[in-house]
Amino acid sequence: MALVLRTVLFVTPLIGITGRTALGSDITSKAPHLADSPVDWFFGEYASRVREAGGLPVELPVIDNPSEYAERLDAVILSGGGDVDPKRWNGPTETSFRVSEKRDAFEFDLLEAAIEADIPVLGICRGLQVINVHFGGSLIPHLDAVDGDSHSSATGDRQELVHSVSFEPESILYGLYGSSTMVNSFHHQAADRIGPSLRATSYSSDGTVEGIEHSGGRILGVQWHPEMLKDLQPVFGWIVQIARSR
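With my numbering as the guide, the letters of the sequence shown map in order to residues 1 to 246.
See the structure below:
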């Protein structure tokens, strides 16, 4: 019995991580025979952070039926990237950049499959916005049009802490970070109307939403990029711990 309990307690959860979609021509001009080949590419920091937190990272290429991933994974991380197609939230098109209908279709289906499978989800930057739009929320189309904090690092330094964010008491993020923390920032859109079943639990000083949580306590989104910061961030420990406790 002790051996069985030890195996259950220390099992390494499988954490799926979404990536970006491109064509071979977007990656290199030196291989013309690969110009039209579809490419799934991943930034290694997400996987490194999951591994540091005790999980086993699994990078997820785009497939037609992402529910097959959800059936086998213990958690999902929706990573950063280009803008969500504004057609999904009735937004303007002129301020959208690097929209990928292919990636949108995959990630929205994957999120729905994760919800049905009752596996936890962490959304980072774009991932927060995917979560909010999936639940019926909307986005601010371009933050440069709003006075307030700088939400895109002027230097491009991935670890530069550009503004503070505060956390609502009795939220997951408050439990992880306390009342506030400093964050990096690389986004030009943000959550506007918050979708039903979600609540905003983190804000920058100008009122921009920096974190959202689902009422069920198993879906969390942050607007900054914790994977880029020098020290392992608590959100990765959270996703691994809650995945392990399934």
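C-beta: ideal position from N, C-alpha, C; glycine also.
A Cβ-Cβ contact shorter than 8 Å links Arg193 with Ser138.
Comparing alpha-carbon positions, the option among Val62, Glu213 and Ile15 lying closest to Gly55 turns out to be Ile15.
Taking 8 Å as the upper bound for CB-CB distance, Ala31 and Ala243 are not in contact here, some 38 Å apart. For Val84, there is no enclosing alpha helix (DSSP H), as DSSP marks it with neither H nor E. In terms of Cα proximity to Ser197, the closest of Pro226, Gly237, Gln223 and Phe135 is Phe135. Between the stretch 45-53 and the stretch 221-237, the count of Cβ pairs shorter than 8 Å is three or higher; the stretches touch. Three or more Cβ pairs closer than 8 Å define a contact, and the stretch 198-213 meets that threshold against the stretch 165-172. The Cβ-Cβ distance between Ile115 and Ile77 does not fall below 8 Å. When secondary structure is reduced to three states using DSSP, Trp238 falls in the helix class.
Here His33 is exposed: its Cβ has fewer than 16 other Cβ atoms, across all protein chains shown, within 10 Å. Shown here, Arg51 sits in a helix according to DSSP, grouped into three states. The C-alpha of Thr28 is placed about 38 Å away from the C-alpha of Ser164. Secondary structure note for Ala31: it is in no beta strand (DSSP E), with a DSSP letter that is neither H nor E.
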